[in-house]
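Visitor: What follows is a single structure, and I will ask about it in a moment.
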Ligand SMILES: Cc1cc2nc3c(=O)[nH]c(=O)nc-3n(C[C@H](O)[C@H](O)[C@H](O)COP(=O)(O)OP(=O)(O)OC[C@H]3O[C@@H](n4cnc5c(N)ncnc54)[C@H](O)[C@@H]3O)c2cc1C
């Protein structure tokens, strides 16, 4: 390099978001360059998403398991009626096909509206610059952490207590007191006879450490008759839930672009389902930033940030009370808050209904955390 004629699109970063938009853009006939320090790195994380969040173009074989009715235990049992999917990570990566993409192994140092400078000093030009470099976890950034162990289904069964999956189990058989920073059990079948049992700190600034989550998980598993020593693979989770503002003229995408839900840490399905809107904007010669962030989406983003502030203040007892009321809401209202990016009225309505139904002391604590 340098490249003389600009590509249509440069994608910085080939995580789930960058790879999705690079693959979809190339498939749509655009000339795409993608830069990542390890473009062939195989993904190992376990990705889950609500079925209705996934785009129709995603092949069925990317689903490892569908859980028809994931359960939540907050102060009591809630059986959800919204199907949840665990994705087959390798198939997901493979179906985001980079055959039509010019892949560059490298680090993007700086990026502006029409060029990116790599750490080698090379400059790459493109009409549209998409920054999907993710967000480094840092001490000032709210993050999610989790420590998980994978068991065979039979061994894990006693932790599931007859449920197919725990989307969240907030019971305190993990050795915590009511005033501790809360963590919950995420228990999901992975397919192939395996189940993931994962102690999760939904959000923290700073979040719970992995050794603390491991300690809590092993106490919980012992209480449910599962020996931690029987586990196979271990999963360690740590990622920032807050985005970074991109340079003017650069389109932030995925976690980098603030497309992660800051109060839940979910981002993969959003990246998959918004990639085509971004590609369509490029094809039409319009501003992808406007397509991704209409006024309504910015309003929803502000409400989600408010949700994050509330969650950061909850102790173990209030987290259980909070999610008890949340998961008592009709599925449509849950969906509006968990998944919707653009229906401001629906998200505001859900948050208002939730607030009104919360116990008085929790409402007071929320008001204090919001002001
Ligand atoms: C174990 C685990 C489980 C998770 N489970 C879920 C889940 O169930 N559902 C969900 O939605 N999310 C889940 N997450 C979060 C999920 O990983 C993120 O939402 C997702 O990875 C964000 O995708 P991204 O492409 O925006 O960013 P990233 O995945 O962070 O990808 C960023 C990419 O940019 C590259 N890069 C970084 N710097 C540069 C640079 N300077 N130049 C060029 N390239 C660069 C990196 O190499 C990387 O490939 C999980 C995370 C972990 C760790």
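In my numbering, the protein residues as written are 1452 to 1822. From the three backbone atoms N, C-alpha and C, an ideal C-beta is built for every residue, glycine too.
#1: Beta carbon of residue 1487: closer than 7 Å to some heavy atom of ligand 1?
#2: What's the call for residue 1475, buried or exposed, on a 16-neighbour Cβ count within 10 Å?
#3: Is residue 1752 near residue 1709, with beta carbons less than 8 Å apart?
#4: What residue range is occupied by the uninterrupted beta strand (DSSP E) comprising residue 1582?
#5: Among 1754, 1621, 1463, which one has its Cα closest to the Cα of residue 1637?
#6: Which same chain residues, not among the five before or five after residue 1750, have their C-beta less than 7 Å away from its C-beta?
#7: Which residue or residues does DSSP assign as beta-bridge partners of residue 1811?
#8: Using the C-alpha atoms, what's the distance from residue 1703 back to residue 1697?
#9: Using the three-state DSSP reduction, which class does residue 1775 fall into: helix, strand or coil?
#10: Which first and last residues belong to the beta strand (DSSP E) in which residue 1587 is found?
#11: Please classify residue 1456: is it buried, with 16 or more other beta-carbons within 10 angstroms of its beta-carbon, or exposed?
#12: What residue from 1461, 1683, 1748, 1738 has the CA that sits closest to residue 1599's CA?
#13: From 1785, 1792, 1729, 1774, pick the residue whose C-alpha is nearest to that of residue 1810; which is it?
#14: Alpha carbon to alpha carbon, what distance is there between residue 1463 and residue 1510?
#15: Leaving out five residues before and five after residue 1761 in sequence, what residues of the same chain have Cβ atoms less than 6 Å from its Cβ?
#16: Between 1662, 1643, 1657, which has its C-alpha nearest residue 1649's C-alpha?
#17: Among 1664, 1672, 1586, 1574, which one has its Cα closest to the Cα of residue 1610?
#18: Use the C-beta contact count for residue 1713: other C-beta atoms within 10 angstroms, 16 or more gives buried, fewer gives exposed.
#19: Does residue 1534 come out as helix, strand or coil in the three-state DSSP assignment?
Guide: Reading from the atomic positions:
#1: yes
#2: buried
#3: yes
#4: 1574-1582
#5: 1621
#6: 1795
#7: Looking at the DSSP assignment, residue 1811 forms no beta bridge with any residue, so it has no partner.
#8: 6 Å
#9: helix
#10: That residue, residue 1587, is in no beta strand (DSSP E); it is neither H nor E in DSSP.
#11: exposed
#12: 1683
#13: 1774
#14: 25 Å
#15: 1817, 1820
#16: 1662
#17: 1672
#18: buried
#19: coil
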